[in-house]
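Peer 1: Sharing a structure with you now.
Structure below.
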């Protein structure tokens, strides 16, 4: 193969919408911890930590997020923790607890033949095998529908599209990323590195710009 042909193929792969984005199976060939700053506008309001731990042919993912926001004289808080277990690109189970400004929520997702059972605050319901929680660390989230809330299990009807390569700042440096957008009942802009690492996400909440960016 000529050097010119190699360069052409490399450029084609780089610009492919999901090129280089791994499945959950190979998202963590060795333990990794990703830490994100959470900003409201330009102001830091919290952090999110994502731990990826390989366990044989499975990957355990532990996510912990905390935000503290003061608007005028009112303080708001959000504390969230969850554990996900993946086999390949399949989410086998998930447990999540959230304190959403004093309101507690608990989710449990278990796989079954043909789909999932989701128990949200004690109420069970069925979901198809294509469903996925709004878990943004993995690019699987831009391939699935319906999505559902990690807080209370609410269903989201969405579509996703690839917007191409962009250079962004994350992790203290400029990185070329693939930009994706989720639209519909919930909206997120997402930037993934070539190895599938989530670099940045941005969305609006209560009229404010919220950004998660990799430290």
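Numbering (mature numbering (1 follows the signal peptide of the UniProt record, and there is no 0)), first residue to last: -27 to -1, 1 to 188. Just so you know, even glycine gets a beta-carbon here, dropped at the ideal spot from N, CA and C.
Would you mind working out which of 159, 51, 166 and 21 sits nearest residue 139, comparing C-alpha positions?
Peer 2: One-based indexing of the chain shown puts residue 139 at position 166. It is 166 whose Cα lies nearest to the Cα of residue 139.
Peer 1: Touching or not, the segment 94 to 106 and the segment 67 to 84, by the rule of three or more beta carbon pairs under 8 Å?
Peer 2: The answer is yes - the segment 67 to 84 touches the segment 94 to 106, with three or more Cβ pairs under 8 Å.
Peer 1: Beta-carbon within less than 6 Å of residue 34's beta-carbon, same chain only, minus the 5 sequence neighbours each way: which residues are those?
Peer 2: Walking along the chain shown from the start, residue 34 turns up at place 61. The answer, listed in chain order, is 25 and 57.
Peer 1: In the DSSP assignment, find the unbroken beta strand (DSSP E) run with residue 108 in it and report its ends.
Peer 2: Your numbering for residue 108 matches position 135 in the chain shown. Where residue 108 is concerned, there is no enclosing beta strand (DSSP E), given that its DSSP letter is neither H nor E.
Peer 1: Could you tell me the distance, in whole angstroms, from the CA atom of residue 114 to the CA atom of residue 142?
Peer 2: By 1-based counting over the chain shown, the position of residue 114 is 141. By 1-based counting over the chain shown, the position of residue 142 is 169. Taking the straight line from one Cα to the other gives about 22 Å.
Peer 1: Taking DSSP's pairing of strands, which residues face residue 133 in a bridge?
Peer 2: Position 160 of the chain shown, counted from the first residue, corresponds to residue 133. BP columns for residue 133 point to 155.
Peer 1: Can you give the Cα-Cα distance for residue 20 and residue 36, rounded to whole angstroms?
Peer 2: If you number the chain shown from 1, residue 20 lands on position 47. If you number the chain shown from 1, residue 36 lands on position 63. Going by the C-alpha atoms only, they are around 11 Å apart.
Peer 1: Three-state secondary structure (DSSP) at residue 113?
Peer 2: Your numbering for residue 113 matches position 140 in the chain shown. The answer is helix: DSSP assigns residue 113 an H, G or I state.
Peer 1: With 16 other CB atoms within 10 Å as the buried threshold, where does residue 14 fall?
Peer 2: Taking the first residue of the chain shown as 1, we reach residue 14 at position 41. It is exposed - the Cβ of residue 14 has fewer than 16 other Cβ atoms within 10 Å.
Peer 1: When the Cα atoms are used, what is the spatial distance from residue 84 to residue 117?
Peer 2: As a first step, residue 84 is located in the chain shown; it is residue number 111 there, counting from the start. As a first step, residue 117 is located in the chain shown; it is residue number 144 there, counting from the start. About 16 Å.
Peer 1: Kindly list the residues whose CB is nearer than 6 Å to the CB of residue 5, restricted to its own chain and excluding five residues on each side of it in sequence; keep chain order.
Peer 2: The residue you call residue 5 lines up with position 32 of the chain shown. Correct list, in chain order: 25.
Peer 1: Restricting to Cα atoms, I'd like to know which of 39, 144, 127 and 44 is closest to residue 180.
Peer 2: Along the chain shown, one-based indexing puts residue 180 at 207. Nearest option by C-alpha distance: 44.
Peer 1: Are there 16 or more other CB atoms within 10 angstroms of the CB of residue 121, so buried, or fewer, so exposed?
Peer 2: Position 148 of the chain shown holds residue 121. With 16 or more Cβ atoms within 10 Å of its Cβ, residue 121 is classed as buried.
Peer 1: In this structure, how does DSSP classify residue 52 when only helix, strand and coil are distinguished?
Peer 2: Locating residue 52 in the chain shown gives position 79, where the first residue counts as 1. Correct three-state label for residue 52: strand.
Peer 1: Tell me which same chain residues have a C-beta within less than 6 Å of the C-beta of residue 38, skipping the five on either side of it?
Peer 2: If you number the chain shown from 1, residue 38 lands on position 65. Around residue 38: 21 and 53.
Peer 1: Provide the residue span of the beta strand (DSSP E) that contains residue 85, from first to last.
Peer 2: In the chain shown, counting from the first residue as 1, residue 85 sits at position 112. Taken as a continuous stretch (DSSP letters only), the beta strand (DSSP E) holding residue 85 covers 76 to 85.
Peer 1: Does DSSP classify residue -7 as helix, strand or coil?
Peer 2: The residue given as residue -7 occupies position 21 in the chain shown. In this prediction, residue -7 has a pLDDT of 34, which is less than 50 and means its spatial position is unreliable; nothing more can be read from the coordinates.
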